[in-house]
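For reference, the structure discussed in these notes is given below.
Number of protein chains: 2
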Amino acid sequence: MAMSTSRAASRRTILSAAAGLAAHVWVPRPAKGYTTADVASRLVQAPSGVGLSKWDLDTPALCVDLDRLEQNIATMQAAARRFGIATRPHAKTHRSADIARMQLAAGAIGLCCAKLSEAEALAAQGIDRLCMTTGNLSPTKIRRAMQLRKTSPTFIQAVDNERNARDLSDAAKEAGVTADVVLDVAVGTRSGVPPGEAALRLATLVDGLPGLTLRGLLSYDGGAQHIVGFETRKARTLANIEANAATCAAMKKAGLNTEIFSGGGTGTYNMQHLVPGFTDMQVGSYVFMDMQYLAIGRQDGHPVFDDFASSLTVVATVVNNRFPGRLTTDAGAKALTLNVPRAGVIGEPGADYSASSDEFGVITFKEGPAKTYAMGDRLELIVPHCDPVVNLYDVIYGIRKDRVERVIPVTARGKSQ
Amino acid sequence: MAMSTSRAASRRTILSAAAGLAAHVWVPRPAKGYTTADVASRLVQAPSGVGLSKWDLDTPALCVDLDRLEQNIATMQAAARRFGIATRPHAKTHRSADIARMQLAAGAIGLCCAKLSEAEALAAQGIDRLCMTTGNLSPTKIRRAMQLRKTSPTFIQAVDNERNARDLSDAAKEAGVTADVVLDVAVGTRSGVPPGEAALRLATLVDGLPGLTLRGLLSYDGGAQHIVGFETRKARTLANIEANAATCAAMKKAGLNTEIFSGGGTGTYNMQHLVPGFTDMQVGSYVFMDMQYLAIGRQDGHPVFDDFASSLTVVATVVNNRFPGRLTTDAGAKALTLNVPRAGVIGEPGADYSASSDEFGVITFKEGPAKTYAMGDRLELIVPHCDPVVNLYDVIYGIRKDRVERVIPVTARGKSQ
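Residue numbers (our numbering), protein chains in the order written: chain A, 1 to 417; chain B, 1001 to 1417.
As structure tokens, this is what we get:
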């Protein structure tokens, strides 16, 4: 993460950019503290949307601003259209069938999943066109993947080694299915088959194996997404993927299917179309944004990457205000993770938020506080990194103009297998 | 966390100390990858305990070695007896009704909870004698706490400010219950009422309020638990709590109830009895241990704190071995958190484990590897910090001699409200 130098400089700017979220602030005292069950029963009574205030939720409460979420999905879809490529958003970010449906409705050609149990959970909620971006290695996982292929015939899975390709072929035959397969071709050294010779050999093998249909290749550059500064990010992204683009071209030349050449993420969404043969983007975080992505910088050089609006927040409660220069909240590492940059306190650009206690957050102030906080008061936090934070919660409260409109289950919460 | 200087030095020593875990290693190739449902149905078929191998579990799999867990509980209980105080183990560590029951059966006088939803979840599974170590501030939480007091008459809750004490009193009257209350008296500046005058005033108020019964005080020193080096840890612990001990004495002198004077944790379990008036220890991590606690050092000066055995591990799968000097696994931040010291790879003291990707772990080697790893091979990891890791999983597999004996639900997983 190369963001440490610019972090301090842009925290104020980032929080100013996100301030729109606080425009409708109406904080009841005392905040009531409604649970998910309370909210659900109220929504049944008043489905018209005149819901509870988000400030009255039991805390820590994970919230998404629906106007911003919808706008983010529309903005990304419009950008992809303009760039002449498609989106295949990564569900590892939200793990939610409801948000997956919104993305598909907006024009996404499918969704990515990181883990098989995640794909199974989403498929069980009726989400199809799922593409697993990692391989299934164990016999049980392979059998389950073939079962999923049976019930969800648009399911695609990744492969990155010969042994696994042969295992998939055997399992497909045994299950009586033809399995759609994409090559995971490495960008960097984390996952996948290296581009070039090895990838081409594997693609040829997969193409020839019974029970498998080669659909193309994946090339996700996880390391490039958070590079600070658009020009550096662009140069590195395009350099990193060059060998993969050459592999795609070689596959095509060899008569192998390259109808899918997928990768990229929120940080590189506006450069992936420059990669020859590229078909679709595995964008994830754009739906929510977070402190990490806000800090990577915009195409025009502005330090805040606000092409998408920060929509995901945690509402927390002040549980102690007795000690000078600090506040304690009820949102610690179990509510926010330990990712950096740390959570941003909306309306308090001079605040530093430490979630290093499991159960408590501790706020200290470089400047401010902007107001006086009583015990029981609510605060709203921009999360450090959206994916692992969402994974800590069973539900996301869908908020419109500070009112709870819906409860969004985190369908695949904890599905990391 | 003041452990950075000694961390590198003791990783090898720590992993050697934990090596006993790997004594029964039998790694099938390929590992089958059984899911929780598979395991549950097998256990029904063969409840005698001749279970599946832990190496055959679908991964990442959270496992606890039952021999070690039982031994840890017995060791702590014996130590407390020797020291002449009691244990009131903190359930925030395991969030499990099954492990709570083991602790109570061994002689714990009750259990602590950090959050109301955690207490409710455990009480719903029949766990009583729960003591909430943080206050309930919102009207809904207060009402729920009184409800819990009704159904679980041994429930105790903390209070640290006058307004909240009055709110609790009103709610108790309204609910028709008498609520048992302990003062949370601050050690440091994170939570609680400051010791001395303010605490005494609050204790007197609580004692006089209708609907409330004052039971004593809590004084948890979170900051002391991980101080490296026994003598430093002891000196700081005893100095930090001096004002609280004086407060306890003053309460007693004023005729206020101090039958509970509770605090301490795994790192200070062998010094809390030196605090005048102290009654019981809120030990948590001792059941599992983790890389953080292993590194704090033993009473005799040995760098590894192994009074309790490391029992909690994550079994992970190697998903890539293609790139020189590194391995990729399927256990990233969503399976292990970002706490430091990082996960320890059992049998590979020269390995550094990075979980900084959400979905992947990356192992690099300063020395070794001790063996050659194929894709699909299993590895076993000691977790960085047990509490937040457990909170990521729905179940812990209870393992005896490498076989799955039982499935332990994480009863209050995600209950951070």
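All C-beta atoms in this analysis are idealised placements derived from N, C-alpha and C, irrespective of residue type, glycine included. Quick caveat, the model's predicted, so the values are computed rather than measured.
When DSSP assignments are scanned along the region 205-238 of chain A, no uninterrupted stretch of alpha helix (DSSP H) that is 4 or more residues long falls wholly within it. The Cβ atoms of residue 1187/B and residue 1160/B lie no closer than 7 Å to each other.
About 6 Å separates the Cβ atoms of residue 1381/B and residue 1345/B, confirming a contact at the 8 Å cut-off. Sequence-distant partners of residue 365/A (beyond 5 residues in either direction) whose C-beta falls short of 8 Å from its own C-beta, in its chain, are 325, 326, 348, 350, 351 and 352. Those residues of the region 147-162 of chain A placed with their C-beta closer than 9 Å to a C-beta in chain B are 160 and 161, ordered along the chain. Burial is judged here by how many other beta carbons sit within 10 angstroms of a residue's own beta carbon; residue 1092/B has at least 16 and is buried. Rounded to the nearest whole angstrom, the C-alpha separation of residue 341/A and residue 1043/B is 45 Å. Our two residues, residue 155/A and residue 339/A, have alpha carbons roughly 32 Å apart in a direct line.
For residue 1359/B, at least one C-beta of chain A is nearer than 7 Å to its own C-beta. At a Cβ-Cβ threshold of 7 Å, residue 1149/B and residue 1177/B count as neighbours. Straight through space, the alpha carbons of residue 1271/B and residue 1234/B are spaced by roughly 6 Å. Residue environment for residue 1302/B: exposed (fewer than 16 other C-beta atoms within 10 angstroms of its C-beta). In the three-state scheme derived from DSSP, where H, G and I count as helix and E and B as strand, residue 1290/B is classed as coil. Residue 1348/B carries a coil assignment under DSSP once its states are collapsed to helix, strand and coil. Chain A has a Cβ within less than 7 Å of the Cβ of residue 1323/B.
The DSSP-derived three-state label of residue 85/A is coil. The beta carbons of residue 104/A and residue 141/A sit no closer together than 7 Å. The contact set of residue 1393/B on chain A, defined by CB atoms closer than 9 Å, consists of 414 and 416 in chain order. Taking CB atoms only, residue 1375/B has a neighbour in chain A less than 7 Å away. Note that the region 1066-1077 of chain B touches the region 1297-1317 of chain B; at least 3 beta-carbon pairs, one per stretch, sit closer than 8 Å.
The region 272-289 of chain A makes contact with the region 230-250 of chain A; the number of CB pairs closer than 8 Å reaches 3 or more. At least one C-beta of chain B is nearer than 7 Å to the C-beta of residue 338/A. Residue 273/A carries a helical assignment under DSSP once its states are collapsed to helix, strand and coil.
DSSP lists 1063/B and 1407/B as the beta-bridge partner residues of residue 1397/B. In the DSSP assignment, residue 391/A is bridged to no other residue. Between residue 410/A and residue 394/A, the gap from beta carbon to beta carbon is short of 7 Å. For the pair residue 1282/B and residue 1088/B, the CB atoms are nearer than the 7 Å cut-off. Runs of the beta strand (DSSP E) lying entirely within the region 1350-1389 of chain B and spanning at least 3 residues, in chain order: 1351-1354, 1361-1365 and 1378-1382. Interface annotation for the region 175-192 of chain A against chain B: 186, 189, 190, 191 and 192, criterion Cβ-Cβ distance under 8 Å.
Distances from the CA of residue 261/A to each of 231/A, 133/A and 313/A were compared; the closest alpha carbon is that of 133/A. For the pair residue 1061/B and residue 1269/B, the CB atoms are not nearer than the 7 Å cut-off. Contact annotation: in the region 1042-1061 of chain B, residues whose CB is within less than 8 Å of a CB in chain A are 1058, 1059, 1060 and 1061.
When Cβ-Cβ separations below 7 Å define contact, residue 397/A makes no contact with chain B. For residue 289/A, the CB contacts under 6 Å within the same chain, skipping 5 residues up- and downstream, are 308 and 310 in chain order. Within the same chain, and ignoring the five residues on either side of residue 333/A in sequence, the residues whose Cβ sits closer than 6 Å to its Cβ are 355 and 358. Check the Cα spacing between residue 75/A and each of 287/A, 401/A and 392/A: the tightest is with 287/A.
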